Amino acid sequence: MAEPAPLLSIQDLRLAFGGLQVLAGVSVSVGRGEILALVGPNGAGKTSLLNCVNGLYRPDAGRILYAGEEITGWPPHRVAGRGIARSFQLVELFRHMTVLDNLLLGRHIHMRTGIFTGGLYWGPGLREETVHRRAAEEVLDFLELGGYRRRPVASLPYGVQKLVGIGRALAMEPTLFLVDEAASGLTRQEKEDLARFMLRIKHERGVTILWVEHDVQLVADLADRIAVLHYGQKISEGAPAAVLADPVVAEAYLGLAGRG
Amino acid sequence: QEPYKVGITAAITGPAAVEYAARVETFRAYMSKVNSEGGINGHPIQLGYEDDRGEPARAATNAKKLVEQDKVVLLVNTSVSATYKPVMATVTEAKTPLLFGGGVCPQEVFPPANPLMFCTTSFAAQIDSDFAVRFMKEASKDKVRLGTATMDIPIARIGIDAAEAVGRKIGIEIVGRVTMPPGTADFTPFSSKLKDAGANWVFAWSPWSFEIGPYEALLNLGWQGNYMLYGHQQPIDAAYPRLNRENLYALVGASILAEGLPELKAMQEIAAKHGASRLDVEGGVAAVAVHEALKACGWPCSREKLQGAMSGLSITVKGVKGGPIQWSRDNHFRTEQWYKVYRWDSARQRAVTAKEWTKVDVAEKLKELREIIK
Amino acid sequence: MTASLLEVSGLEVVYNHAVVAVQGVSLRVPEGRLVVLLGTNGAGKTTTLRAISGFLGSDNAEITQGTVLWDGQRVGGLQPYEVAGRGITLVPEREKIFETLTVEENLATAVPARRARGESRRESLDQVFRHFPVLFERRRQTAGYLSGGERQMLALGQALLCRPRLLLVDELSLGLAPLIAGNLLGILERLRAELGLTILLVEQNVAAALKIADYGYVMEHGRIVYEDTAPRLLGHADIQEFYLGVGREGRAKSYRDVKQYRRKRRWHG
Amino acid sequence: MSRGTGSPYLKTTYPSDAALLGTPVRRFWLAVFGLAALGFPLVGTPVLMDLLCRTAVAVVGAHALNLVTGYAGQVSLGHAGLMAAGAFTAGILTEELGAPFWLALPAAVLVGALFGVVVGIPSLRLRGLYLALSTLALHFVILYLASEYQSGRGFATGLLVPRPKVGPWTLAGATAWYYALGGVATLTTLFCLNLARTRPGRAWMAIRDRDVAAASMGVNVAAWKVLAFVVSSALTAFGGGLWAYYLGFVSVEAFSFFLTVEYIAMVVIGGLGSVLGAILGATFVTVLPYAVDAIVNLVPVPDRVHTHLFAVKFAAFGLLMAVFLILEPRGLVSVWSRVRTYFDLWPFRYHPLKG
Amino acid sequence: MQLLANTLALASIYILLAVGYVVVYRASRVLNLAHGELMMLAGYAFFGLVSATPGHPLWAVPAALVVSFLAGVGVYATLVRPMAGHPLFSAVLVTVSLGILLRGLVLLGWTADILYPLAVSGYKNVPWPLPGGAVLTTIDLLSILMAVTVLLALWGFFARSRLGIQMRAAAENPLLAAQRGVNIHLVFSLSWGISTFVAGVAAILYASKVRLDPEIGVIGLRAFPVALVGGLDSLAGVAPAGLAIALLENLAIRYVSPLLSDVVPFLALLVMLFVRPWGLFGTKEEIERV
Ligand SMILES: Nc1ncnc2c1ncn2[C@@H]1O[C@H](COP(=O)(O)OP(=O)(O)OP(=O)(O)O)[C@@H](O)[C@H]1O
Ligand SMILES: Nc1ncnc2c1ncn2[C@@H]1O[C@H](COP(=O)(O)OP(=O)(O)OP(=O)(O)O)[C@@H](O)[C@H]1O
Ligand SMILES: [Mg+2]
Ligand SMILES: [Mg+2]
């Protein structure tokens, strides 16, 4: 029985900064339409792994295959052009732009407007703006951010900024969504909203999600599978219940708090 | 009484103020002397002045204001050569005579002269250089090994080019040349290049700082040769006693105070009486020229009439220049240029003459130069 | 309650001369206690903490009303370093470390607010490294390259080196793995006992925070809407539902339960 | 702080929401302003007209600098050099080949664009001041070339550039120039406004705010950075060409580093990253020295100390600029937006708390 | 040999000026474009003091330096402090305005004439022959000595106190530094004071050797690339950068073209920047990590 080919397949990825081995041969794959959660202690290399997929870091060794194509070492904008979006741990929004402009920037890869059509703002330039404005508005609506449309993001509370970060990625209409700690700093109530959005993204939009998160309950409830990273190595992978029950994981990652 | 309106755009502040501020002050002092004596033909002179800071764009605006709005009959430019073109552009459109009274004389006043443009200053890059180089050859017993120093502005480079061409022609060895960028902080590297090239004469033709700077650096390096520069009256007067060196030659087109001539002393008193803190001869000469021109124009004086009057004017400034400044139809520089060379006598603590006033026929000289430089 | 070390009353903060972020906020933190500040996003928690620790004149934020009393004295109009000099130290939500300095240099910037009893700088530094061994390993690394959690540890380490009397922490366990986050609360509790540290905490891990806290405030839309002792807060039905994720029936809710795509009312800015 | 253009609920289409003149009030004020501008030559003195013409040229240059520095966040100190490139291209083509202005100006734009590629490339590696340094190098190189040309061809004091001609008609006189330059400045403004609110502007701002994130969103950072330099330089060179034609001459000394400083002052005083700011800043910096002159001239002084007044004016200019920056470090647009907020909120002082 | 001597003399002036840029930049990320003019001001203060107290020229030196230090602190307190937290560009422009203001004031006070403080003081700048046939003057030797002294003193100062680190912290994030208890205003005023103090040293030497006029501020601009090449926030970088630029400049004058003497070193350094985009010893100011 042939397994369907995974959407993203990471093979034996290695990355070091100076003497520090951040990723020491990690292999992980994400199937189409699934949510794979990536957890692990601080500094385990989770963000670095996302950075490698996304092209911000160039791995020292290993391969990254996306939809059958090798994308190892591609520059980030090319990776993004293939439909891989991401959100960031420290938000990384365009602070002086409005929420709407942040989302419209997410539409960048779908737009063609150049200097002349843009400068004229007439004919094709105007039509394109309108079409993509509509798409951005849909995302605003979806994430219930409509009221912040014209606010510069720097003046928004942290929780809203996290959502804008997700919205910006969604505006790209990605196939694969790399999420880095979307829930940190949110209250329970807001996490519930987030959970709702993520499930809808998965089910309604059919987006595959690779999700780095520290909130174990959130991850356990939502993810299809969990992989655990520890000092640059994968120490466990599988269904949430099984992984969380794994004593190795409990010791390295969860400690006492995890079971509480 | 209705006045004669004269406008002046000058580098009163800004980087070039070192050169021009004193010139404008003297000019203004002289004008107020004329007014205090009842003006010209019973009409006072109304002087409108604007500071251009040596910036072309400001000079353009100043010229527009003075010519188009204040309706002056004569515009005077006492500023850096960079401001010439914009001012020329304005006066050409408005057909107003323009006098270069303080800066270098531009191409346009030499024959065939632009009908609107006149010049009173002695600085004429190429002719100055020619005279200087010939003097060096004449004054020195040994073979002249000439080094040249100039600031990197187009007009100064043209002068030095001429010096080298003439030098080669009359059998002087050109051993080195340094062109110094305007922001130069330390002249020593330039001077040591000239020294190491073995120059026994150095000629400099630039704004003052770039003439005296390399000289002092050469002194600091222990150089013993002779140095010749264009003697800007005001600063050379200060430099001679301060440096107290005998090998510093100053080529001038106007006398300097250090020589102690009574005519200049008188001029200095007039300036002081009318509020100029110091006397600048070129400023004074320009003022005399304006005075003479307006006198010749009579009353009423239109721009056209003034231009006509100026085209045949002859201005004598006794004791200051070796001969008159004479303008003709196609020569608005002067038909004859007079030069003198000073050097410092440290025993007597005053400037002495190294070469007395000498006449150069401008038209002929230009023809000759054109051939040499080609 | 005993005399409060920190007393905020009637605080109002306006951003950009136009947006009111916090209005009429009053809260008290008694000496040696641990108080938590809860609230949804945009409630004004960060703004309140920043108001206490002082805005730099240029932040485009100003306190338009209310007072902040510290040990009986007003600290309202003081420069942040003067506030810090009196023993109030803030661990901010963002921009909490100097990215271009190394970890070691980051720790060296802290100016202790008071002389520790017989404890040298070296020893306090060792103490920080004991709490956060990772920092020791990374001590020569440029701090900007630290991972999210490592940054948080560094920020806390810096704050502790200031030897504060009052520690303000904005989002304590932000980005920290559960193991460390759990330990950290333990460390804070110990510091409070050992050094007599007073703590005002903003924390989303409400269950754990309330367990060690003495008192809590709940903020919403710029105002304090509810306050009580920690145990009573833990038992409050709304807190249970909105902050602890305990359903009406008293069972822990699963995040999957939100799948019905229910729309919740939101108050937008 | 950027704010909504009126309430979105009154708009039925996205284009109308994004329209520049979305409300009747705005249209009204624009019409008033436009009429005033058109009628100005009836009352303007030659000096005022000249000042406005120079402001219009400055507006073009300020927009150009604002695109690359304000929007794309790349500091450029090569502005004067690039203006010189444009001015000299126009000047040389007219002088040497007798080219008409409708050929010389586009050529200037083209040369500017080429130089834009040259300055843009270092921006891929260098940041901030270090990048600024490399653009300054370009300034020196261009001025060196221009100065070699000038002394090599015997134009020691610069080149005269004749008035532009179309057929029998010559562009001359203050009024004609006023309309011509005013029109050009208006079109440039529109062009920049449109760039700013469409894809190119967003890409540039994203690079300015956080280039790593921009790259992750699919923006080809390198290409867009270079493009920003190209567009800006082309526009700068265009401004340089206009300068040459309007002032009627070119010479190296006119494009000193101080000119760059003036342009930077324009965009900063106006408010970085704002089209309106560039206009306000260009006006402010061009007019301020003359305003200072006018004010100082009101003080009666005896004739003999008159020359000292210029030093006073010089100092006063510096002082005023410093005072302005201290009072309004975010520039004229922030004054503008404060005034607007005030009227938006009236009769309240603040946005009331919601919820 | 003379080439090396010239290099040392020029480098020492460059170093003394570049130090000022570095110290202010390091503490506040503000680029002080009035540095040259502040130096000029110190020169005029020196001239004023020398002429006011005939017969006691040496006394004027420390007095001028104190004036210079106070001027720096004053500038910070009145002009720069209000700019804290506002766009850096504006702060930089304030310094540009300050430069214009100072030039105007000096014009008013002393006119545009060239002045020679050394001539007033009665001392002489005499050439000293060195081994190898090179010549340096008294003032050249003094400048070299001062450059070395200043660098060592500052290095000692920053290495011993934690002030160096606090300055860098304050530069990156003043609010956070303040929250950590760093008295940022003290740090900033001190850095301005030190910067102008050292500029004062340079001014006295330069004005004594070359001249004094309202335009000598431009050499401040020439020392600026030195600071950049060394790494704007790095004191250690100033010395090698100063030497390198001075050497390149001398080489360019001698072997390439004097005309290009201010451009050639500049271009050479640009090439270097491509290899080390943050200067020889500078630290990276932007972190590319998410
Ligand atoms: N560009 C870099 N240069 C040097 N070290 C780096 C760099 N990027 C990451 N590191 C180091 O690699 C390690 C892993 O970092 P990473 O951000 O991947 O951790 P993480 O698993 O995301 O941790 P956290 O949960 O705290 O965010 C950390 O110790 C970090 O300091
Ligand atoms: N710089 C700013 N300019 C304008 N408004 C601001 C600014 N910073 C915060 N605000 C506003 O102040 C209000 C309170 O924000 P604050 O950051 O204090 O909330 P918070 O409770 O800390 O939220 P979170 O849990 O998301 O961090 C919000 O409405 C926010 O939009
Ligand atoms: Mg991470
Ligand atoms: Mg907050």
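Protein chains in written order, with our numbering: chain S, 267 to 526; chain B, 7 to 380; chain Z, 22 to 290; chain D, -4 to 350; chain H, 8 to 297. All C-beta atoms, glycine included, are put in the ideal place defined by N, C-alpha and C. Computed from a predicted structure; not experimentally measured.
Those residues which DSSP pairs with residue i across a bridge
| i | result |
| --- | --- |
| residue 276(S) | 294(S) and 330(S) |
| residue 83(B) | 15(B) and 106(B) |
| residue 248(Z) | 238(Z) |
| residue 402(B) | In the structure as shown, chain B starts at 7 and stops at 380, and residue 402(B) therefore has no counterpart that could be examined. |
Per-residue burial, residue i [other beta carbons within 10 Å of its own, 16 or more giving buried]
| i | result |
| --- | --- |
| residue 205(D) | buried |
| residue 376(B) | exposed |
| residue 130(Z) | buried |
| residue 374(S) | buried |
| residue 119(H) | buried |
| residue 33(D) | exposed |
| residue 320(S) | buried |
| residue 287(Z) | Its pLDDT being 37, under 50, residue 287(Z) is placed unreliably in this model, and the coordinates cannot settle the point. |
| residue 423(S) | buried |
| residue 244(H) | buried |
| residue 94(Z) | exposed |
Cβ separation of residue i and residue j, assumed to be a contact under 8 Å, to the nearest whole Å
| i | j | result |
| --- | --- | --- |
| residue 237(Z) | residue 57(Z) | 5 Å |
| residue 485(S) | residue 353(S) | Incorrect: roughly 16 Å between the Cβ atoms, too far for contact. |
| residue 84(Z) | residue 29(Z) | No, residue 84(Z) and residue 29(Z) are not in contact; Cβ-Cβ is about 10 Å, not under 8 Å. |
| residue 174(Z) | residue 155(Z) | 6 Å |
| residue 185(B) | residue 265(H) | 5 Å |
| residue 86(B) | residue 44(B) | Between residue 44(B) and residue 86(B) the Cβ distance is about 35 Å, and since that is not below 8 Å, they are no contact. |
| residue 33(B) | residue 293(B) | 5 Å |
| residue 189(H) | residue 173(H) | 5 Å |
Residue i, DSSP secondary structure in three states
| i | result |
| --- | --- |
| residue 98(B) | helix |
| residue 443(S) | strand |
| residue 43(Z) | strand |
| residue 345(D) | coil |
| residue 24(D) | helix |
| residue 62(Z) | coil |
| residue 285(S) | coil |
| residue 51(Z) | strand |
Residue i: CB within 8 Å of a non-hydrogen atom of ligand 3
| i | result |
| --- | --- |
| residue 196(Z) | yes |
| residue 292(S) | no |
heavy atom of ligand 4 below 8 Å from residue i C-beta
| i | result |
| --- | --- |
| residue 223(Z) | yes |
| residue 66(Z) | yes |
Proximity test, residue i beta-carbon vs ligand 1 heavy atom, cut-off 8 Å
| i | result |
| --- | --- |
| residue 208(D) | no |
Residue i beta carbon near ligand 2 (any heavy atom closer than 8 Å)
| i | result |
| --- | --- |
| residue 269(H) | no |
| residue 345(D) | no |
With 8 Å as the limit, tell me which residues of the stretch 30 to 43 of chain Z have their beta carbon closer than that to any beta carbon of chain E; keep them in chain order.
Absent from the structure is chain E; the protein chains it does hold are S, B, Z, D and H.
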